[in-house]
Amino acid sequence: MLNKEEVIKLKELVVVALKEDLGQGFDFTTWLTVPANLTGEGDFLAKSDLVLCGTQAAKEVFHDIDDGILFKEYFSDGDFIKAGHVIAKVSGLASSILTGERTALNFLNHLSGISTLTRRFVDAVEGTGAKIVDTRKTLPGLRWLEKYAVRCGGGCNHRFGLFDGILIKDNHIVAAGGIARALQGAIKGAPHLLKIEVEVSSLDELKQALAAGADVIMLDNMTLEEMKEAVKMSAGRCIIEASGNVTLERVRDIALCGVDVISTSQITMSARSSDISLELKLDRSRT
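The following block contains the structure:
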């Protein structure tokens with residue numbers, strides 16, 4: 001579930017999403033073709049197996065359009081749903097349902113796609129002790145919501161932005177004049193509760209990062225053999241993260257190298273939208 005701060009952000013995001021679709025508030029197609037007093041109900045139907053995410057967003061869409069709309073959830077975010085099951089039901093004025101349909105589905109399809117792919121990665125490393133985490137490769141403005149979808153899929157969140165973690169990457173190292181200098185500056189100036197991570201691409205760089213006192217070391221695009229050796233060399237002195245070329249087919253082999261964390265942008269940037277549709281049933285007895 002979303003926390004209080006995220007619920008507030010969700011309400012603000014829904015307002016922006018609806019304005020994008022409605023402009024100054026007009027759905028001309030529905031206004032000109034659908035009787036004003038026509039009522040009905042719509043079933044959100046899972047057309048493929050999925051891990052659900054986005055129900056709160058969908059519900060907020062309809063409530064923002066029409067507070068008389070009823071939205072009944074049969075499943076919660078994070079639930080695994082088989083194809084053919086009804087996820088939720090929306091009922092009320094047909095015009096309101098039709099106006100909110102696409103925006104609600106966009107949230108559900110996109111976020112469920114992320115949570116579903118994340119679950120596949122999590123399942124692939126089950127029993128190894130490795131955690132699947134996301135990255136900052138997200139759609140601008142939607143990062144917090146996409147990271148929520150990752151959590152719904154059983155994954156964990158890496159840093160949310162540049163403000164809540166120090167990650168020294170290759171270009172920082174070049175600019176600072178080396179791993180030791182970069183880490184020295186970070187350790188000197190960082191708040192004592194802020195972790196310091198450094199990216200390395202070779203075992204020699206790993207030695208430098210260990211000697212300089214990194215809290216977390218990211219193994220970037222290393223071979224399986226190099227990762228196994230890196231885990232031995234670190235000997236539990238810091239958290240070891242694997243990153244780069246992390247595919248669903250390869251992720252378990254990476255986990256079996258003994259790394260603590262596996263970060264991948266695939267779960268946010270390469271996830272296909274889940275297949276969810278809205279099946280509308282109308283009540284014409286009053287028209």
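Quick note on this note's numbering: the sequence shown kicks off at 1 and runs consecutively. Just so it is clear, CB atoms sit at the ideal spot from N, CA and C, and this is done for glycine as well. On a predicted model such as this, the values are computed, not experimentally measured, just so you know.
Neighbour-count burial assignment, residue i, 16 or more Cβ in a 10 Å radius
i    : result
M1   : exposed
I240 : buried
D134 : buried
T247 : exposed
A255 : buried
L206 : buried
L167 : buried
K147 : buried
S202 : exposed
F44  : buried
L117 : buried
H192 : exposed
Q56  : buried
L162 : exposed
I8   : exposed
L70  : exposed
E20  : exposed
G153 : buried
E249 : exposed
V174 : exposed
K169 : exposed
K232 : exposed
Limits of the unbroken alpha helix (DSSP H) element including residue i
i    : result
E126 : No alpha helix (DSSP H) contains E126, which DSSP labels as neither H nor E.
M269 : 266–269
G154 : No alpha helix (DSSP H) holds G154; DSSP gives it neither H nor E.
S273 : Neither: S273 is in no alpha helix (DSSP H) and is coded neither H nor E.
M233 : 224–234
Q208 : 203–212
A182 : 179–189
D21  : 4–22
F288 : Past the edges of the chain, shown from 1 to 287, lies residue 288, and the structure says nothing about it.
R252 : 251–255
Segment limits, beta strand (DSSP E) that includes residue i
i    : result
I196 : 196–200
E241 : 239–243
S263 : 261–263
V216 : 216–220
L167 : 166–168
Beta-ladder partner(s) of residue i, from DSSP
i    : result
K89  : D43, K72
L280 : G42
L139 : The partner list for L139 (beta bridge, DSSP) is empty, contrary to what the question assumes.
V51  : F80
V133 : C156, S263
Rounded Cβ spacing between residue i and residue j (contact assumed at less than 8 Å)
i    : j    : result
D66  : V15  : The pair is not a contact, with the Cβ atoms about 14 Å apart (cut-off 8 Å).
I81  : L50  : 6 Å
I267 : G155 : 6 Å
A94  : L282 : 6 Å
K72  : A88  : 6 Å
A230 : I262 : Contact doesn't hold; Cβ gap of about 13 Å is too wide.
L18  : V61  : 7 Å
D215 : E199 : At roughly 13 Å, the Cβ-Cβ gap does not stay under 8 Å, so D215 and E199 are not in contact.
G113 : R272 : 5 Å
A212 : A180 : 5 Å
V86  : Y74  : 6 Å
G84  : T39  : Actually they are not in contact, since the Cβ atoms of G84 and T39 sit about 26 Å apart, beyond 8 Å.
Stretch pair the stretch 112–121 + the stretch 28–44: three plus CB contacts closer than 8 Å: no
Stretch pair the stretch 221–228 + the stretch 92–108: three plus CB contacts closer than 8 Å: no
Cβ contact check for the stretch 127–145 and the stretch 73–80: 3 or more pairs under 8 Å: no
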